[in-house]
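Engineer: This is the structure I want to talk about, given as structure tokens.
2 protein chains.
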Amino acid sequence: MIRITKQTDYGIVLLTHLASAPDGLRTAPELAAEARLPLPMVSKILKALTRSGLLDSHRGAKGGYSMTRPAEGVSVAEVITSIEGPIGITECIDDVPGECGYAATCGVRSNWNRINLAIREALEQISLAEMGPVSSKSLVSLGGARDQDGQQPGGTEATQ
Amino acid sequence: MIRITKQTDYGIVLLTHLASAPDGLRTAPELAAEARLPLPMVSKILKALTRSGLLDSHRGAKGGYSMTRPAEGVSVAEVITSIEGPIGITECIDDVPGECGYAATCGVRSNWNRINLAIREALEQISLAEMGPVSSKSLVSLGGARDQDGQQPGGTEATQ
DNA sequence: GAGAATCTGTACCGAAAGGGTACAGATTCA
DNA sequence: TGAATCTGTACCCTTTCGGTACAGATTCTC
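Those sequence lines, one after another, are chains A and B.
End of the first sequence = 158 in this note's numbering, gap-free, step of one.
End of the second sequence = 158 in this note's numbering, gap-free, step of one.
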């Protein structure tokens, strides 16, 4: 199956929650409670998002995490790349050249790159603001009162 | 990572080889030797492609596999679906409704479906004929002399 | 300055999926 | 009748992912 990992799925939800925080700041335990996810998992995801520059971390007693950019300016592709690495459905990723030992004789390589690019572009066109439930209402009410409503990830608990 | 399975990768290569067969017929051992893959693996993949209608199987002494349609008319999406099942990067696939227990409260569901659709469309626009090395030369010379050149899948042997 | 609260980093374990193999059976042609 | 082929099932091994635990560093508050 062509699937994103659960961590990425969780990451999208966590960022959506963070974007809805009135003061723009949330601690890891707060986010874990809101998204109903285990704290160590949340902490691991937030760390990855911080290292990639999507989040700012504030240490100390009144610390927490805050977004470096508004949700409208963050694409889903950025979130996936932050947590999983470069986007591509095969190991043939033009961002990482020279990794495939069969590149010289492999005829399908350049064509897979075309497909990888198409998928990447599709993911880059969706912003984080469009992923939340607010998308069906108003995209500018991100600072409003909307949290702790028990949102869950995109269906990762379904059949398996 | 968003990845197709090796079986799908192999399947693309096997179909490319099959499309280049002069008489349009190849046995599983022949294809295994050409693609340099283990026979049981090849057999398993060919069976899946046969069940989905992409291949015809001919049993008996002079049997083998042949394509039911020309490579130009087979999309990469069809091959992936034949081997892996419905295409979608989350379990939220609109082809399989009612599987997600959180659908009622999950705000990101409809947006993931948009992304899944975009990816599916990208894969449907690439035909099998465009995946082979012949794509850079001539698409109509599929019946020509081009085989057993040791082609390998799309880079699955790279780093791991 | 001490203590509490927070983020940071590493290491580890168990479960699940995928990759790969083996074997017995059914079918067709010579 | 026998050889060659496809069909189907079952099984094991490896890798990856999800999840947990623990020690350390930083910052604010009293």
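The C-beta atom is built at its ideal place from N, Cα and C for all residues, glycine as well.
These figures come from a predicted structure and were not determined experimentally.
(1) Beta-carbon of T88(A) versus every beta-carbon of chain B: anything under 8 Å?
(2) Within 10 angstroms of the Cβ of D7(B), are there 16 or more other Cβ atoms? Answer buried if so, exposed if not.
(3) Using C-beta distances below 8 Å, list every residue in its chain close to V77(A), excluding the 5 sequence neighbours before and after it, in chain order.
(4) When you check each C-beta in the segment 114 to 129 of chain A against every C-beta of chain B, which residues fall closer than 7 Å?
(5) Start and end of the beta strand (DSSP E) containing D54(B)?
(6) Is there a Cβ from chain A that is less than 8 Å from the Cβ of R34(B)?
(7) Suppose the cutoff is 7 Å on Cβ atoms and the five residues either side in sequence are ignored; what does the same chain contact list for S80(A) look like?
(8) If we count the other Cβ atoms within 10 Å of its Cβ and call it buried at 16 or more, is L29(B) buried or exposed?
(9) Note down, in chain order, every chain B residue with its Cβ under 9 Å from the Cβ of I81(A).
(10) By Cβ distance below 8 Å, which residues in the same chain neighbour S134(A) in space, the five residues on each side in sequence not counted?
(11) Which runs of the beta strand (DSSP E) at least 3 residues long sit entirely within the segment 22 to 70 of chain B? Give them in chain order.
(12) Nearest-angstrom Cα distance between M65(A) and I2(B)?
Structural biologist: So, to answer that:
(1) Closer than 8 Å: yes.
(2) Its Cβ being crowded by 16 or more others within 10 Å, D7(B) is buried.
(3) Sequence-distant Cβ neighbours of V77(A) in its own chain, meaning closer than 8 Å and more than five residues away, are T6, G9, I10, L13, L47, L52 and L126.
(4) Along the segment 114 to 129 of chain A, going in chain order, the ones with a CB nearer than 7 Å to a CB of chain B are A116, I117, A120, L121, I124, E128 and M129.
(5) Residues L53 to H56.
(6) No, because no Cβ of chain A sits closer than 8 Å to the Cβ of R34(B).
(7) The beta carbon of S80(A) lies closer than 7 Å to those of A46, L47, S50 and L52 in the same chain, with the five residues before and after it left out.
(8) By the 10 Å Cβ count, L29(B) comes out buried.
(9) Within 9 Å Cβ-Cβ: nothing; I81(A) doesn't reach chain B, min ~10 Å.
(10) Any reading at S134(A) must be qualified, since the residue scores a pLDDT of 38, below 50, and its modelled position is unreliable; no value is offered.
(11) Segments of the beta strand (DSSP E) lying fully in the segment 22 to 70 of chain B: 53 to 56 and 62 to 65.
(12) Counting only the Cα atoms, I2(B) lies some 32 Å from M65(A).
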